[in-house]
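Numbering (my numbering), first residue to last: 16 to 379. One structure is given below, encoded as structure tokens.
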């Protein structure tokens, strides 16, 4: 059997895995183009994450994160369906390489998003129920502590990469910063941002935006090269900038949590505080029904599930842009799957039956 025939059989035997590999390679290409925008890999990683985001804001960039998310979902489908150790090792290697890159960038949110997506995909495909056991709670608390520790350490990564600081000096500095355990207090962790953003909005004397921030979100969907001028500033970026100037007074800020309630108040005052959360709830309820609606529902559900977390940490524009590009790349992956011959529904275990014989609904 020649090499071409072997490759053809492999592609036909598992087109989902091949589609994941194609998307992963495309994500690497997008990531390379984004790094070249800032002068190469070392220049990209040596910048502080806040400076990196601000420098990329006004330039043409490519959605490499959405591409990687779609790739891991297709690879995960293949692993769950065939339970191949070789493919599991390939997925683990790809995840490890990607995670190291995210950690060097100081990016925690993207790693959390991927974990949520893979968990959602697994519960859909296996029809298992995600419950809060003691073990899962302990793992969640440990992960939260590790992420809080990393929030302090990531500030030292650019100094190590540019050799302005040795590894031993970075370790010493991080230990000294964390010695008083003050970083575990709510005002210095992920809990502070949404609360502070609401205080910031209610304290402002500006008039109501009357839906302007939601309308500007549609403009941000357009690729950067399709319009001239500056993008409308999002409310979360405005809050980050003001918070940075208030507490640090130098540099730029990125990643301060933002509350959707604050955005609703800025747009429609107290009426928005009542109505907008109701719309968010309705959207999340619709998302929960996606796995059982159509053939590839579990993939779309898993891809959009992290937005249930992001909508409580960022503004509507961020959620809309991330969701849109993720869905586009997921559809591109499904196109690859169709071309390679994968028209079957993602492997799902037979659901348990009710007393009347009807299948039980998905419980993710």
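Every residue, glycine too, gets a C-beta built ideally from N, C-alpha and C.
Residue burial is scored here from C-beta neighbours: residue 208 has at least 16 other C-beta atoms within 10 angstroms and is therefore classed as buried. Setting aside the 5 residues that flank it on each side, residue 170 is surrounded in the same chain by 63, 121, each with a C-beta closer than 8 Å to its C-beta; the list follows chain order. Between the stretch 30-40 and the stretch 89-97, the count of Cβ pairs shorter than 8 Å is three or higher; the stretches touch. Counting along the chain, the unbroken alpha helix (DSSP H) around residue 218 starts and ends at 207-218. Look at residue 122 here: in three-state DSSP terms it is coil, with no helix or strand label. Following the DSSP letters along the chain, one finds residue 303 inside the alpha helix (DSSP H) bounded by residues 275-304.
Measuring C-alpha to C-alpha distances from residue 78 to each of 224, 133, 152, 342 identifies 342 as the nearest.
Residue 349: member of the alpha helix (DSSP H) spanning 331-355, first to last residue. Excluding five sequence positions before and after residue 235, the CB atoms of its chain that fall closer than 8 Å to its own CB belong to 246, 247, 249, 332, 335, 336, given in chain order. Annotated three-state conformation of residue 47 is helix, per DSSP.
Here DSSP, grouped into helix, strand and coil, assigns residue 248 to coil. By the CB criterion at 8 Å, residue 82 and residue 45 fall inside the cutoff. Only residues of its own chain outside the window of five on either side were considered, and among them 279, 280 have a CB closer than 7 Å to the CB of residue 287, listed in chain order. Under a 10 Å Cβ-count criterion, residue 87 is classified as buried, with 16 or more other Cβ atoms of the shown protein chains found around its own Cβ. The alpha-carbon separation between residue 137 and residue 219 amounts to approximately 44 Å. Look at residue 326 here: in three-state DSSP terms it is coil, with no helix or strand label. The stretch 129-149 makes contact with the stretch 308-321: 3 or more CB pairs, one atom from each, lie closer than 8 Å. Around the beta-carbon of residue 238, fewer than 16 other beta-carbon atoms lie within 10 Å, marking it exposed.
Exposure of residue 150 is indicated by the presence of fewer than 16 other C-beta atoms within 10 angstroms of its C-beta. Its Cα nearest to that of residue 51, the residue 76 stands out among 310, 76, 42, 346. Secondary structure at residue 167: helix, using DSSP grouped into helix, strand and coil.
Residue 330 and residue 228 do touch by the CB rule: their CB atoms are close to 7 Å apart, below 8 Å. Apart from the 5 residues on each side of it in sequence, residue 351 sits with its Cβ closer than 6 Å to the Cβ of 34, 37 in its chain, given in chain order. Residue 119 is a Cβ neighbour of residue 60, given a cutoff of 8 Å. At a Cβ-Cβ threshold of 8 Å, residue 67 and residue 84 do not count as neighbours. With a 10 Å radius around the Cβ and a threshold of 16 neighbouring Cβ atoms, residue 255 comes out buried.
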